[in-house]
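Chains as they are written, first to last, in our numbering: chain A, 12 to 320; chain B, 12 to 320; chain C, 12 to 320; chain D, 12 to 320. Quick reminder that beta carbons are idealized off the backbone N, C-alpha and C, glycines included. Because the structure is a prediction, the values reported are computed rather than measured. Notes follow once the structure below has been shown.
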């Protein structure tokens, strides 16, 4: 299904499962996408930064998209297509859309500085991939070192009708969400879906500021779905209760550089992945770190039986 | 009291209190340092990044140090002396030591890249301020964009006998702590105090990895003291229980850019500061953000009566 | 004399002369400013990046400004007042204006990214120093890593009537000059003086694109004056002839990090400075580098007798 | 021919010729490589930063390598294989070596900071591409923002026997060359070829400091060959004479961002390329800039008849 500006809910960032020898673990990939579908995800994002995309061969990237399309029951598949050049971006984007992807996600290259450079880059990217492909803006200054003001994001959205979603992971970002929703209320910005990243670590309040859901990873994507559902239902205290129970682990998983190792280790313990391997070069968890995750899981299990693993 | 390598415990980063018109609020400053002493802080850090130091006139900086010395009952006062040039660093360092400060904290300038540049910078800084002044290394890559390996930190410590403390706020940083303590166990690194920053957001596990305490800000420094005390006493679960109760607010306060506004607002609500003003240019909390902090405080009060404000 | 938007000509960036022991060499400072006046400079800039400003004690900074005012015969003295905080910027700016400076130069701090952050910073800086002090924008992305578009520069100029000059040292920058002059021709930008930096390495064509002169350092500021004079007189070939003769040395002096050492060594050989010392930490020329400069001077002397030293 | 540590001379960075519609101009590519062979180049580098490599489809990249191999008469072809992931780096490296390339060039990704990160990255890259492929280190801090000390370069060379060349374009870099050659003289560093970049703007002195030649672009690669030849023959003054004659144009072409447009325009005027087009997104020369290049060429023609075009 194609991604639309009305998209809402949780789109987990899928890690790419590997075998201990570095080969893609296709069985785990199938299982992973089935898991995402089963828990009620509204779509999934593959080939993101946390998907180890740059380590994949082209045929592996395509293979992952095919599996996601096959297993996610028609839910939109978002594919990260950020690349150092537009040739690679275009060919991947067109290829995955032909395979049934719902849209693509484009992050700005770290060299961009001025407002004009940023809006110009997105105009060129859209020209390169074609105006018929729904795309997601990734706004992630902490890692990409590109800072987009609300007005810059508005210009990208207004200039490019094929923009359907903003993946918002500025930090801090609550006021930015409010600013964008205010633009929309005032009529200066058309509606697009806003979903948030940063491992969900501010999802509790982001929902209250008006976002539509999450587009991020966490070893318990069910928690993201719970928070979105409860928040949409107006059950504020309940949303915060379950969120707070997970926060110690979410925070631990949100550590730059080792976060993916934490996530894969936990998902392996949960039985969703067969291995917690990363393709080289990747970081591994120390014994001390594994014990810390185990301790956090044991503590979490007192509040959420899904953590009793 | 002079800072020594055996320093241990909690050294809060003091915000600088201002009046709504931008003047330093000296009454609140007195009250603040009395508060830090009363709750059992082991010292205090003034003129840090969160102390709005670059906005202060020289006489105001000196005034703050005097108040801290007067009110902290002999506990060591750490003074941030980072400056774009060694002349300013030296004159501030020597002046505050004459006033009774316990040591100075030096952050590396953002332009440093190579290992040699970093160790060379600290050698020059020590030559500038004099080898008789105890100093603290500030290792804060997220904000300073200078990355120090454990081996670089070791070299700075081994080359400079006046280095007595590492303020560790790398992120992620747990393995770095373990690496440094392993150096010490192996005999390749003399003992210095390691205290952590990042608003305390990993203090629970940092203590378990072998740090001596915290050198950071949070609107409830008592929580930092609790965690350090319980952790040192081997009461692991209790330490995590109180830590986890505060984590939703700590996380909220740890947002870059608005964190200081959150901290001052909360400390004003607690009656420690008369105003939540920052000197210009500073960020202010939106009404939505204040309501979010109020909500977090109300939730926290269920676990910690000190938050019932 | 106060700096005005009609300022034109060459404003050399003055190096700060030091004794071998690191003390300011006041005799050389006097001689240096006399030299600048004698050769027909239209003003001078002190406490710039190449003036080793952050290494100076406050009273030394003030002393340099006093000497410049005393020796430059009423020509405008531009004083670099960039600082990490507005308190220091304001107090230095007001102090030097009281001493007879003509205006101040303000560089943006490296953390600025978005257009709004840049224009906001200048608005705050002007509020801090007062709207009565003429100021110069320093646009130097290579060193400061802040990128200002022509539209951002225009907004700063239009929003702040006390802006009188742009020190342009973007690289490449020829089209930026043309864009700004086009704004002025179209009526969307009031006239301010545009003078260029980068050690003069593009001054030949910058003049032809419409700048008013240079605000930069080079061991032969007479060359800058020659190029500006010949270019203004329409003597294009003559301007390029003398420029090209100096280019091998200018290029050598323009090396980041060691450029100041080259400049001071050459000015010492010329008898303008008594020593080529930099205050610590500073770079020194290797014997090989000195021999290279000597060789370049010998070659230059065939075209310009002033280099026969 | 495979690249060896004894490589010496000039290896021009080949621009990729395009038709005005953005297609690769294969005729011009053939002509370009024939030209490089005819003038006596010692090899050529394709798919470098100035080769617009990220804009090329995989089959186009391969096509360029094939043409270079076919036309360069057995001289070593160096292929830029820098990529955001090792999968892409490995597959391109192995493919081009099979086609007859002489070696590959690897630039560090901009995120690297510490010495260990840099040496670790090269170890991983060599593991990825295989230890049987000769490789070139690209040391280009100005663009890549990765700073390698001489000791770090030495470690990469000593740890990886397949390292055969350093493309040195640090700036300033003369002392770094001397430091590396001193390591070699002392016996702590095995010999590898050192060739320099930066558009040749310091080639005159780089030769005298001990490099083996140039690996860079300039619209008159014959000039680079002249300087290398004269310098190796000990004809110092003659080397500088021809170098200085070209310096005004070299400097103009060395402007970041527009340099490639200058180079292609000049090579088109020389009849080497049929068009001066860049594939989108690319910069174009303004009419003013073209006139400036024309003027520089006319002036150069008085010293070098090859510029009489």
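Cα-Cα separation, residue 153 of chain D to residue 188 of chain C: 23 Å
Applying a beta-carbon distance threshold of less than 7 Å, which residues of chain C neighbour residue 160 of chain A? 125, 127
When you compare only the Cα positions, how much space is there between residue 315 of chain D and residue 221 of chain C? 30 Å
Sequence-distant residues of its chain with Cβ nearer than 6 Å to residue 133 of chain B (five each side left out): 167
Beta-carbon neighbours of residue 65 of chain D, restricted to chain A and to distances below 9 Å: 94, 95, 96, 97, 98, 99
Using a 10 Å radius around the Cβ and a threshold of 16 neighbouring Cβ atoms, would you call residue 244 of chain A buried or exposed? exposed
Would you mind stating whether residue 160 of chain A and residue 130 of chain C have Cβ atoms separated by less than 8 Å? no
In chain order, what residues of the same chain lie with their CB nearer than 6 Å to the CB of residue 191 of chain C, ignoring the 5 residues before and after it? 161
Could you tell me which chain D residues have their CB closer than 8 Å to the CB of residue 102 of chain A, listed as they occur along the chain? 68
Under three-state DSSP, which class holds residue 193 of chain C? helix
Please report the straight-line C-alpha distance between residue 34 of chain B and residue 40 of chain C, rounded to a whole angstrom. 38 Å
Using a beta-carbon distance below 8 Å, is residue 266 of chain B in contact with chain C? no
State the CB to CB distance for the pair residue 106 of chain D and residue 73 of chain D, rounded to an integer number of angstroms; the pair is presumed to be in contact (CB under 8 Å). 6 Å
Do three or more CB pairs link the segment 18–30 of chain B to the segment 288–305 of chain B at distances below 8 Å? yes
Can you round the beta-carbon distance between residue 146 of chain B and residue 173 of chain B to whole angstroms, since I take them to be within the 8 Å contact cut? 6 Å
Against chain B, with Cβ distances strictly below 8 Å, would residue 216 of chain A count as a contact? yes
Taking 8 Å as the CB-CB cut-off, is residue 173 of chain D touching chain C? no
Same chain only: Cβ atoms within 7 Å of residue 203 of chain D, ignoring 5 sequence neighbours per side: 16, 168, 174, 175, 176, 177
In whole angstroms, give me the CA-to-CA distance for residue 318 of chain D and residue 84 of chain C. 47 Å
What residues in the segment 131–150 of chain A have a beta carbon less than 9 Å from any beta carbon of chain D? 131, 132, 135, 138, 139
Anyone know if the C-beta pair for residue 89 of chain A and residue 22 of chain A falls short of 8 Å? yes
I need the straight-line Cα distance from residue 198 of chain C to residue 50 of chain C, nearest angstrom please. 36 Å
Report the option in C/179, C/254, C/165 whose CA atom is closest to the CA atom of residue 201 of chain C. C/165
According to the Cβ coordinates, are residue 62 of chain C and residue 104 of chain C closer than 8 Å? no
Name the chain D residues whose beta carbon is nearer than 8 Å to that of residue 182 of chain C? 266, 267
Give the C-beta separation of residue 262 of chain B and residue 262 of chain A to the nearest angstrom, bearing in mind that I take them to be a contact with Cβ-Cβ under 8 Å. 7 Å
Run down chain D in chain order and give the residues with a C-beta less than 9 Å from the C-beta of residue 291 of chain A. 97, 135, 138, 139
Verify whether the separation of the beta carbon atoms of residue 217 of chain C and residue 241 of chain C is less than 8 Å. no
Name the DSSP beta bridge partners of residue 149 of chain C, please? C/178
Provide the residue span of the beta strand (DSSP E) that contains residue 204 of chain B, from first to last. 204–207
Starting from the Cα of residue 12 of chain D, find the closest Cα among D/81, D/233, D/42, D/112 and give me that residue. D/112
Run through DSSP, which three-state label would residue 21 of chain D get? strand
The beta strand (DSSP E) spanning residue 56 of chain B covers which residue range? 55–57
Once you ignore the five residues that flank residue 224 of chain A on each side, which residues in its own chain have a CB closer than 6 Å to its CB? 19, 20, 21, 206, 239
Can you pull the chain A residues whose beta carbon is under 7 Å from the beta carbon of residue 119 of chain B, in chain order? Simply none; closest approach about 19 Å.
Among A/211, A/42, A/141, the one whose alpha carbon lies nearest that of residue 260 of chain A: A/211
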